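For the sequence shown, the numbering used here assigns the number 5 to the initial residue and increments by one for each residue that follows.
Virtual Cβ for every residue (Gly too), placed ideally from N, Cα, C.
Please read all numbers here as calculations on a predicted model, not as lab measurements.
Before any comments, here is the structure.
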Amino acid sequence: MKRTTGGDLLASQRRIFIAVVVLVVVGGRLLPSDCAGVITDSSSAGGVSENAKQDLKDGLTLYNSDNNIGLRNAWNIIQAEWKCCGVIAYTDWHEALQDKVVPDRCCQEHYQNCGQNSTNMFWNRGCFEKVEEWLDENKHLLGTIGMVILVLQLLGMAFSMTLFHHIHRTGKKYDA
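And the structure:
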């Protein structure tokens with residue numbers, strides 16, 4: 005059994021964080037609309053979850069497209085690291101790819117083209133559940149990051165207003 009060092013674990017967590025962000029923002033389009041729904045009505049959490057699942061399932065169809073290598077890499081990283089497959093289950097890939105195949109990272113024993121053999125053992129657990137667990141475990145970190153971004157934006161607005169008033173008060177103009 006291979007020992008995991010602190011550096012390996014940190015690198016793995018960074019890859020997972022980036023993959024989750026890519027999936028949520030690019031694949032799920034969850035950020036603007038669904039977060040607003042949660043803020044306005046906390047009873048809609050089930051609806052947000054269902055919308056996110058559907059958006060991620062819709063995003064699976066982009067897995068093999070040439071211009072979405074980042075989305076493909078995000079799915080591969082998450083499925084390999086968390087030993088999961090698809091959004092709800094590995095059968096999500098059958099619908100998305102319109103064939104009885106899954107990505108190779110869904111195989112419990114990973115090798116080239118293992119996802120094309122339907123007799124192979126695939127991870128049964130869907131990745132949506134794992135992503136929810138990861139977000140729940142890291143909610144304090146994500147909240148802290150959000151607050152830091154908020155403070156930076158507020159400081160930027162304050163400094164820009166100060167600069168505007170200073171320029172306006174001195175009467176300096178830009179000559180084109």
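C-beta contact flag for residue i and residue j at 7 Å
| i | j | result |
| --- | --- | --- |
| ALA78 | ARG109 | no |
| CYS89 | TRP138 | no |
Contact belief for residue i with residue j at Cβ below 8 Å, rounded distance in angstroms
| i | j | result |
| --- | --- | --- |
| ILE81 | ILE20 | 7 Å |
| TYR67 | LEU75 | 7 Å |
Among the options, the one whose alpha carbon lies nearest that of residue i
| i | options | result |
| --- | --- | --- |
| GLY63 | LYS176, GLU141, ILE153, ASP96 | ASP96 |
| GLN102 | THR65, MET125, ASN72, SER69 | THR65 |
| LYS104 | GLN112, SER122, CYS111 | SER122 |
| SER53 | LEU159, SER164, GLU136 | GLU136 |
| GLN58 | ALA100, SER69, MET165, ILE73 | ALA100 |
Where residue i falls, given that 16 or more other Cβ within 10 Å makes a residue buried
| i | result |
| --- | --- |
| PHE132 | buried |
| LYS134 | buried |
| HIS170 | exposed |
| VAL106 | buried |
| PHE168 | exposed |
| ASN175 | Here residue 175 is Gly; the residue named in the question, Asn, does not match the sequence. Result: exposed. |
| GLY51 | exposed |
- Touch check for the region 109 to 122 and the region 131 to 151: three-plus C-beta pairs under 8 Å? The region 109 to 122 vs the region 131 to 151: no contact.
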